[in-house]
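Chemist: For the sequence shown, the positions run -22 to -1, 1 to 565 when mature numbering (1 follows the signal peptide of the UniProt record, and there is no 0) is used.
Glycine included, each C-beta is placed from N, C-alpha and C at the ideal position.
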Amino acid sequence: MTKLFLQTMLLGFFFLEGTALAEEINVKNGHSGCAPCAATGDGTTDDLPALRSIVQQMSAGDTLYFPAGSYRFNFDGVTGAALSIDDLDNLTIRGDGVGASTIIVDHMDSAGVEAVGTATGFNITNSSGVTIRDLTVRGDVEVLPELHPDYNPPGTGQTVIEDITDVAATGIFIGDGCPNLLVEDVEVKWFHNFGIRVFSTASTIDNDNITLRNLWIHDITRFYDFQPGGFEPVGSTPYGFYVHGVGTGTIANIRIADSLFENIGNPHRHTSFAIYLGDPVDNVTVTRNRFHGNPYTHDEEIQYQPSALILHGDSKRVSIFDNRFKNQRLHLAGPAIVSNNLFENCYYVYGYWEGLVIENNMFVGNANPFLNGQGDPAPAFFLSMGEDAKVETLGWMTQITNNRFLTYEGQLVCGIRGAISQRQCILNNTFTNCNVGIRLEASDFGGHVIDGNTFFQGGPYSIQIYHSTANGTSLGVSWESNRISNNKFIDQPGTGRAIEDESGSGQVMVYKNNSLTNLTLFSATHPDPPANGLDLIGPVGLKAYTTADRNDLNTAELNAGTLVWDSDLDEAYLWDGTNWVPVSTGP
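(1) Which residues bound the beta strand (DSSP E) around Arg268?
(2) Going residue by residue through the region 16 to 49, where are the continuous alpha helix (DSSP H) segments of at least 4 residues, counting only ones entirely within it?
(3) Please work out which residues of its chain come closer than 7 Å, Cβ to Cβ, to Ile229, disregarding the five sequence neighbours upstream and downstream, and give them in chain order.
(4) In terms of residue numbering, what span does the beta strand (DSSP E) encompassing Ser237 cover?
(5) Would you list, in sequence order, the uninterrupted beta strand (DSSP E) runs of no fewer than 3 residues that lie entirely inside the region 306 to 335?
(6) Does the Cβ-Cβ distance between Ser48 and Asp84 come in under 8 Å?
(7) By the DSSP assignment, the beta strand (DSSP E) with Phe53 in it spans what residues?
(8) Could you give the distance in angstroms between the alpha-carbon of Asp67 and the alpha-carbon of Gly117?
(9) Near Cys412, which residues of its chain fall below 7 Å by C-beta distance, leaving aside the five closest residues on each side in sequence?
(10) Which residues mark the beginning and the end of the beta strand (DSSP E) in which Asn192 is found?
(11) Relative to the C-alpha of Ser317, which residue among Asp112, Val296, Ala311 is closest?
(12) Mind reading off the beta-carbon distance from residue 566 to Ile198? Whole number of angstroms is fine, and I expect it under 8 Å.
(13) In angstroms, rounded to a whole number, what distance separates the CA positions of Asn406 and Gln377?
(14) Can you check whether the C-beta of Pro216 is within less than 8 Å of a C-beta belonging to chain B?
(15) Using alpha carbons as the reference points, say which of Ile462, Phe467, Thr263 lies closest to Pro438.
(16) Could you please give the first and the last residue of the uninterrupted beta strand (DSSP E) stretch that includes Asn301?
(17) Which class does Cys403 belong to by DSSP, given the choice of helix, strand or coil?
(18) Kindly give me the distance between the Cβ atoms of Asn319 and Asn339, rounded to whole angstroms, as I take these residues to be in contact under 8 Å.
(19) Beta carbon of residue 567, beta carbon of Pro157: below 8 Å?
(20) Quick one: grab the DSSP three-state call for Ala476.
(21) Can you tell me which of the three DSSP states Ala60 falls into?
(22) Considering only the alpha carbon of each residue, which of Thr96, Asn231, Val33 lies closest to Gly173?
(23) Is it the case that the Cβ atoms of His426 and Asn460 are separated by a distance below 8 Å?
(24) Quick one: Cα of Ile63 to Cα of Val262, how far?
(25) Give the straight-line distance between the Cα atoms of Val145 and Ile242, rounded to the nearest whole angstrom.
(26) Thr109: which of Gly430, Pro216, Leu190 sits nearest, CA to CA?
(27) In or out: Asn557 buried (at least 16 other Cβ within 10 Å) or exposed?
(28) What residue ranges within the region 62 to 96 form continuous beta strand (DSSP E) runs of no fewer than 3 residues, ordered along the chain?
(29) Within the same chain, show all residues whose beta-carbon is closer than 7 Å to that of Ala46, passing over the 5 residues directly before and after it, in chain order.
(30) In three-state DSSP terms, what is Thr533?
(31) What residues in its chain sit with their C-beta under 6 Å from that of Leu61, if we drop five residues either side in the sequence?
(32) Can you pull the DSSP bridge partners for Asn101?
(33) Between which two residues does the beta strand (DSSP E) containing Asn460 stretch?
What follows is the structure, given as structure tokens:
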């Protein structure tokens, strides 16, 4: 009796204090506080007014439940069609599963007036601990990243203009004050701008702790203005998942896992991103995801490949591992560890910041499905470190180790390109059939170490030391303290060279203990060799010099077994201690 009395008193106390238990609201049943306000889920009725009435009755900790059905949000000229949710901490929005419970974001209002590229699904602000799961959120018009269904090929004399008013803009918008966000088991598709957007306008960023898990974000693109002989995209840049703000600070603790990002962007502009981390981020994990770009196999002139991810320069503790990238670039403008990924047919992984570690990845396939404007394949790079046009963003202290670079014979593909870079450690990688294995361009500072790599077939060069210019202006190349050692060059076909050295006169290039097997030309070329030649030690300790005339060398200073490349005669000679012996270098 006493126990029952105490329980009754405590329950009454909580009600007097205004504390309500968390409630799950079935949107088809509505809410008692706004009856009648039930959603139909029939796919044609505008369910947005009923849902707004339900949300007004909700409290922190409640669940907004969408049972199986299709819920249409007609465009609203004031709110942009969004179901706005504000100041509801620990809110859960859930359905009965992807494809079963579907939110349809209509780009038109009930009178048939189109949105001006702004129609949005969910708009959530000032709500910590929000969970969204088991839903499909889509636009009302199917969009394709390659060609719109109404596309008329150039030369038909027809003009088709596809406008951003023809499709909704954003699936899920997360605004200020929404830390601890979880989105899982959700599909987002058919928007022209954002799949999921996290955006802060506050003076300090307050959207930490974001988890995306088991998502399918696909077909986020913009339309084009097609005209005979040309095209012009209209609309905004497409993003799958976007994090950005106008305030200051760092967004911390982002995890993106087990998701598929597919067909995001368009073939005519490179500013398309599956994941865009536009602010400094700290402690980011991107793992076990698949990034699939459209191969763009039609006859249009294609010049760009969309990016799987772009990273801000002031970020830290970023790990990208165990992912698969197909027909997608990776754009790293900040430090990261990139490991154990498969890159298939990727135009390049682009890094121009200090502190990048790229290890244990596999780069495979034809990295270059693009044309150079004249209908010919353009050179591609599996890895491009540094940037010609941005001298201030140097590829410093980059470690590239234990990767495999495999492409098809005859493709114009470079394994690793270093431009405006210094102190890159390129260690223990394998290059097969690469047009150029490693190409170093215009290094202002040097300090590169290329050690323990294996180059198999490919050509014309396994390693190319290249003195280039940026924007037509010499960069004052110094090439100091570089070391190329313990590498294996195997079965280079034709007249290919293991090393093409064009670094210029008097530069410090050290070559030690490199193994040369079955090469037609095995000395480094040098247009203006330094006085002491090039120190290239082969499998039996042979030292190779490049000189205009071998007779200029003081044979008294040469050990027996010294190998010399006579550039005047285009022949190799071995000093046996007494005589010069010609050495065959193949056809």
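Modeler: On the basis of the supplied data:
(1) 268 to 270
(2) 26 to 34
(3) Ile183, Asn185, Asp186, Val221, Asp257, Val259
(4) Counting along the chain, Ser237 falls outside any beta strand (DSSP E), and DSSP gives it neither H nor E.
(5) 307 to 310, 315 to 317, 320 to 322, 327 to 329
(6) no
(7) Unbroken run through Phe53: none, as it is neither H nor E.
(8) 27 Å
(9) Phe383, Thr385, Val391, Cys392, Gly393, Gly436
(10) 188 to 198
(11) Val296
(12) Shown here, the chain extends from -22 to 565; a query on residue 566 therefore has no answer.
(13) 11 Å
(14) Looking at the structure shown, chain B is missing, and only one protein chain is on hand.
(15) Phe467
(16) It is not in any beta strand (DSSP E) - Asn301 carries neither H nor E in the DSSP assignment.
(17) strand
(18) 5 Å
(19) Shown here, the chain extends from -22 to 565; a query on residue 567 therefore has no answer.
(20) strand
(21) coil
(22) Thr96
(23) yes
(24) 27 Å
(25) 15 Å
(26) Leu190
(27) exposed
(28) 70 to 73, 79 to 83
(29) Asp74, Ala78, Ser79
(30) helix
(31) Leu29, Phe100
(32) Ser62, Phe151
(33) 460 to 463
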